[in-house]
Amino acid sequence: MPSAKIAPSLLSGDFANLANECQRMLKDGADYLHMDVMDGHFVPNLTIGAPVIKSLRKHTDAFLDCHLMVAEPERWVDDFAAAGTNLFMFHYEATKHHEALIERIRNHGMKAGIAIKPKTPVDAILSLAGQVDMVLVMTVEPGFGGQKFMVDCLSKVRALRQAYPDLDIEVDGGLDLTNIDEAAEAGANVIVAGTSIFKADKPAEVIATFRNTINA
Ligand code: DX5
Ligand code: ZN
28 MPSAKIAPSL LSGDFANLAN ECQRMLKDGA DYLHMDVMDG HFVPNLTIGA
78 PVIKSLRKHT DAFLDCHLMV AEPERWVDDF AAAGTNLFMF HYEATKHHEA
128 LIERIRNHGM KAGIAIKPKT PVDAILSLAG QVDMVLVMTV EPGFGGQKFM
178 VDCLSKVRAL RQAYPDLDIE VDGGLDLTNI DEAAEAGANV IVAGTSIFKA
228 DKPAEVIATF RNTINA
C-alpha cells in the first residue's frame with residue numbers, strides 16, 4: 028500500500044490563530060493539512076469557506092486537503108481552485124454528477140477525492156474510486172470533531188484496498204492511538220485526526236506513531 032500521510036484536522040485547532048497552528052503541525056511532522064468545510068446544510072455545522080483557504084495559502088505551501096461537507100459541491104470548484112486548494116474532496120452523497128465533477132476538479136488543476144458517510148455502502152464508489160486521487164471513508168458521521176470511532180466502517184476500507192492496492196485511502200473521525208492498528212491493518216494510509224493530535228501533550232509523537240504504524 029502507498030506510504031503514510033498524516034493530515035491533522037485544523038477543526039481542532041485555534042481558528043483565530045490558523046496560520047500558526049498550521050506551521051506547528053507541519054513542524055510536528057504533518058504531511059497534509061486537513062481543512063473541514065461545512066455549510067450548515069449537508070452537515071449540521073458551519074465552519075470555513077474558500078476565503079479562509081485563500082488567506083491561509085499566503086502563509087504556507089503545504090498540501091491543503093480540503094474536505095467539503097457541503098451540498099452542491101459543483102458550486103465551489105472555481106472558488107476553491109482559485110484559493111489554492113490542492114485536493115478537492117467532495118461527498119458522494121452531495122451530488123448525482125460524480126464523473127463530471129471529478130473532471131471539472133481536475134480541469135481546475137486540483138486533485139479530486141470522493142468521500143462516503145458511514146451509512147453509504149462501499150459498492151456506491153467501488154468503480155468511481157478508480158477515477159480519483161483519493162477516497163475518504165468517514166469513520167464518524169461528518170459534522171463535528173471529537174466523536175467516537177466507528178470500527179464497522181473499516182470493512183469498507185478493506186474492500187477498497189483489495190480492489191485498489193495503490194490507491195490513497197483516507198480515514199477521518201475518531202482516529203487515535205487505540206485504533207490506528209486496526210485502521211492500518213484494514214489498509215488505510217492517509218490518517219486524519221483532530222482531537223488526538225491537538226489535545227496531545229506531544230503532537231509530534233502521536234503523528235510519528237501514526238506514521239510508523241501505517242508504514243510497518
Ligand atoms: C468531522 C471532520 C473531521 C474531524 C475529525 O466531520 O470531517 O475531520 O475534524 O476530528 P476528530 O479526529 O476529533 O474525530
Ligand atoms: Zn474531515
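As numbered in our numbering, residues 28 to 243 make up the sequence shown, in order.
Where a beta carbon is used, it is the ideal one built from N, C-alpha and C, also for glycine.
Bear in mind the structure is a predicted one, so any value in this text is a computation, not a measurement.
Excluding the 5 residues preceding and the 5 following residue i in the sequence, name in chain order all residues of the same chain whose CB lies nearer than 6 Å to its CB.
{"i": "M96", "result": "M65, F69, V70, P169"}
{"i": "A215", "result": "V184, I196, V198"}
{"i": "M161", "result": "G140, D195, E197"}
{"i": "A121", "result": "F69, A98, P100"}
{"i": "M137", "result": "A108, T112, F115"}
Determine the contact status of residue i and residue j, defining contact as a CB-CB distance below 9 Å.
{"i": "I234", "j": "D55", "result": "yes"}
{"i": "S36", "j": "V219", "result": "yes"}
{"i": "F42", "j": "I75", "result": "yes"}
{"i": "H94", "j": "D63", "result": "yes"}
{"i": "L60", "j": "L91", "result": "yes"}
{"i": "K32", "j": "V149", "result": "no"}
Suppose you measure from the CA of residue i to the CA of residue j; what does that come to, to the nearest Å?
{"i": "A89", "j": "A151", "result": "31 Å"}
{"i": "F237", "j": "L53", "result": "15 Å"}
{"i": "A263", "j": "T112", "result": "As displayed, the chain neither begins before 28 nor continues past 243, which places residue 263 out of reach and without an answer."}
{"i": "L202", "j": "A34", "result": "11 Å"}
{"i": "F117", "j": "K229", "result": "31 Å"}
Got a sec? Which residues, its chain only, sit under 8 Å from residue i by beta carbon, not counting five neighbours each side?
{"i": "L73", "result": "M65, D66, G67"}
{"i": "S39", "result": "G172, G173, G221, T222, I224, F225, K226"}
{"i": "D105", "result": "H135"}
So, with DSSP's three-state summary, where would you put residue i?
{"i": "M177", "result": "coil"}
{"i": "P71", "result": "coil"}
{"i": "P29", "result": "coil"}
{"i": "M52", "result": "helix"}
{"i": "D66", "result": "strand"}
{"i": "L153", "result": "coil"}
{"i": "H125", "result": "helix"}
{"i": "Y191", "result": "coil"}
{"i": "F115", "result": "strand"}
{"i": "E99", "result": "coil"}
Alpha carbons only, please: which of the options is nearest the one belonging to residue i?
{"i": "A190", "options": "N113, G157, D63", "result": "G157"}
{"i": "R185", "options": "G172, Q174, L204, A211", "result": "A211"}
{"i": "M165", "options": "I241, A109, A142", "result": "A142"}
{"i": "S182", "options": "N113, L204, T147", "result": "T147"}
{"i": "H86", "options": "T205, D58, N44", "result": "N44"}
{"i": "K144", "options": "V167, A110, V217", "result": "V167"}
{"i": "N47", "options": "N242, R84, P29, A109", "result": "R84"}
{"i": "E126", "options": "P192, S154, G201, L202", "result": "S154"}
{"i": "V159", "options": "L91, V178, V149, E130", "result": "E130"}
{"i": "S30", "options": "D193, L128, D92", "result": "D193"}
Could you pull out every residue in the same chain whose Cβ sits closer than 7 Å to the Cβ of residue i, ignoring the five residues on either side in sequence?
{"i": "T240", "result": "I207, D208, A211"}
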